[in-house]
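Since the structure comes first, as structure tokens, the remarks are kept for the end.
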Amino acid sequence: MISIRKLFAAFLFLFTLVPAAHAACELTPEHILRTSPYFSERMTASQDSTQYSVSYQHVDDPRIVATFSVSPAQPVGEVSRSDYVSLLEEQSRNFVNGVVSRGRWADYSVYPFDPVATRIIEQDEVDRVGTALVGQMRVRMTPECLLTAYYLAPASMNLRSRWVELDTRISELRDRASFLTVPETWLPDDTTPVGGTALGIGFGVPVAVMALLFFLMGNMRDLDGPRVLTKTVMVCSGIVGIGVIAVQFQLYQEGLAELRYVDNFALLATLAILSFAGAFGGTPKSLFVFIASCVTGITLSINSYLDWTPVPAITSFAGVALILMGVFGFYVLSSGSIAGVGSISELKKKLDHRS
199 MISIRKLFAA
209 FLFLFTLVPA
219 AHAACELTPE
229 HILRTSPYFS
239 ERMTASQDST
249 QYSVSYQHVD
259 DPRIVATFSV
269 SPAQPVGEVS
279 RSDYVSLLEE
289 QSRNFVNGVV
299 SRGRWADYSV
309 YPFDPVATRI
319 IEQDEVDRVG
329 TALVGQMRVR
339 MTPECLLTAY
349 YLAPASMNLR
359 SRWVELDTRI
369 SELRDRASFL
379 TVPETWLPDD
389 TTPVGGTALG
399 IGFGVPVAVM
409 ALLFFLMGNM
419 RDLDGPRVLT
429 KTVMVCSGIV
439 GIGVIAVQFQ
449 LYQEGLAELR
459 YVDNFALLAT
469 LAILSFAGAF
479 GGTPKSLFVF
489 IASCVTGITL
499 SINSYLDWTP
509 VPAITSFAGV
519 ALILMGVFGF
529 YVLSSGSIAG
539 VGSISELKKK
549 LDHRS
């Protein structure tokens, strides 16, 4: 059983102990609550209220109470909005699941936009009230100030409208006091594809493009086998692929659990295997290697621009290098000989002479 007096006295006592801690936070509950006429018209302030904590009772039912406090907010650190909101959702969900596992009803909401907030409502037994709905809302008003609201009302159908009104008015404080809000400085959201989406977009599509280009460029398959210069280019492409994997290997490992960056890894590994295999194979393999080098380079460059790679600077440099190697490989390969005929330039001279 929870005592109303103990519940709200505890919060009042807590926030009167350390007034010096509020030096960095210039907001007070009064600043925020004066934006809503509900608390002056339908609620009565307690005499125990302080500068940083205010307690209210409903004018028609003293069992309906609410306490508001402003306390120093913990720094969010270097984190994106989506990651921070995900953390709040996980914490709220774990709390609600714990309440539900004990046979009581509970629910939560997370407000992802500034001011970021969480709200948890649970059903509990409260001294002198009986079965009650207990709410807790935390609003990050500024990087230094956290508004916390604790409120409860009897879980009676006859009083449900008053509970809904109280809950709504407290939730509305985010919007009503928006002019007091100072937005957080968030890191850019991580939009890197993960899981099957990453494999499909970052690996499946480029491989399909490679196969299509290889089919469309079938006329180059009749060229003689690769020469020393051609093999050198292919080996260099393979070395670039292995080198990028080696430099970023730890980051690839860290993202493996959710298949983050796995498309980059698979694409580079595939290129490395094709490059070394092509260096000792015939022209069809060489042709596919140069196609793969260009497509891989373009894909890595795009991914680096979108921050979809572990280290964009390294990957973008490797992407440009692979594109240049692929183009140079095409040039060397196309200046070779057609099997059983001779060089392309010699063939043109023979045809011109006959005409």
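In my numbering, each number is its position in the sequence shown, counted from 1, plus 198. Note that CB positions come from ideal geometry on N, CA and C, so glycine has one too.
Bridge partners of Ser251, per DSSP? Ser267
What does the Cβ neighbour count give for Met355, buried or exposed, with the cut at 16 atoms within 10 Å? exposed
How far does the alpha helix (DSSP H) with Thr428 in it extend, from its first residue to its last? 426 to 445
Beta-carbon proximity check, Val314 vs Tyr282, cutoff 8 Å: yes
Beta strand (DSSP E) runs wholly inside the segment 334 to 358, at least 3 long, in chain order: 343 to 352
The alpha helix (DSSP H) that contains Ser376, what's its start and end? Run containing Ser376: none; DSSP gives neither H nor E here.
Beta-carbon contacts of Ser290 that lie in its chain and below 7 Å, excluding the five residues immediately before and after: Tyr306, Val308, Thr316, Ile318
Look at the Cβ atom of Ile489, then the Cβ atom of Phe377, and state whether they are nearer than 8 Å. no
Of the choices Asp322, Thr395, Cys434, whose alpha-carbon is the least far from that of Glu456? Thr395
Given this structure, state the Cα-to-Cα distance separating Pro273 from Val263, to the nearest angstrom. 30 Å
Since Val252 contacts Leu285 with CB under 8 Å, what's their CB separation in whole angstroms? Going by Cβ atoms, the distance from Val252 to Leu285 rounds to 29 Å, so no, they are not a contact pair.
Alpha helix (DSSP H) runs wholly inside the segment 288 to 343, at least 4 long, in chain order: none
Leu531, buried or exposed, once every other Cβ within 10 Å from all chains shown has been counted against 16: buried
Could you tell me which of Ser359, Thr366, Val392 sits nearest to Met335, measuring between CA atoms? Thr366
Helix, strand or coil for Ala219? Go by DSSP, reduced to three states. At Ala219 the pLDDT is 40, less than 50, meaning the model places this residue with poor confidence; the figure from the coordinates comes in the next sentence. Three-state DSSP puts Ala219 in a helix.
Looking at C-alpha atoms only, which residue of Ala406, Leu504, Val433 is the closest neighbour of Leu598? A question about residue 598 goes unanswered here, because the residues of the chain that appear run from 199 up to 553.
Leaving aside the five residues before and after Gly328 along the sequence, list all residues of the same chain whose C-beta is less than 7 Å from its C-beta, in chain order. Pro352
Suppose you measure from the CA of Thr569 to the CA of Tyr459; what does that come to, to the nearest Å? Any property of residue 569 remains undetermined from this structure, which presents the chain solely from 199 to 553.
Closest residue to Val426 among His229, Asn295, Gly527 (Cα-Cα distance): Gly527
Taking a contact to mean a Cβ-Cβ separation below 8 Å, would you say Phe463 touches Ile443 in this structure? yes
Which same chain residues, not among the five before or five after Asn295, have their C-beta less than 6 Å away from its C-beta? none
Separation of Ile471 from Ile437, as counted between CA atoms: 10 Å
Per-residue burial, Val487 [other beta carbons within 10 Å of its own, 16 or more giving buried]: buried
Assuming Val433 and Ala477 are in contact, meaning their beta carbons sit under 8 Å apart, how far apart are those beta carbons, in whole angstroms? 5 Å
Which partner residues of Ser278 appear in the DSSP bridge assignment? Leu385
From Val518 to Val445, what distance separates their C-alpha atoms? 17 Å
Compute the Euclidean distance between the alpha carbons of Arg300 and Pro310, then round it to the nearest angstrom. 28 Å
Counting along the chain, where does the beta strand (DSSP E) carrying Thr242 start and finish? 241 to 243
Contact belief for Ser502 with Met523 at Cβ below 8 Å, rounded distance in angstroms: Incorrect: roughly 17 Å between the Cβ atoms, too far for contact.
Just mark Phe447 as buried or exposed, buried being the case when its beta carbon has 16 or more other beta carbons within 10 Å. exposed
Rounded to the nearest angstrom, what separates Leu371 and Gln245 at their Cα positions? 23 Å
Tell me, which residues are paired with His256 by DSSP? Met241
Close beta carbons around Lys483, own chain, < 7 Å, minus the five adjacent residues each side: Ala475, Gly476
Candidates Met241, Pro227, Thr248, of which the one nearest Phe266 by Cα: Pro227
Does the Cβ of Tyr529 have 16 or more other Cβ atoms within 10 Å, making it buried, or fewer, making it exposed? exposed
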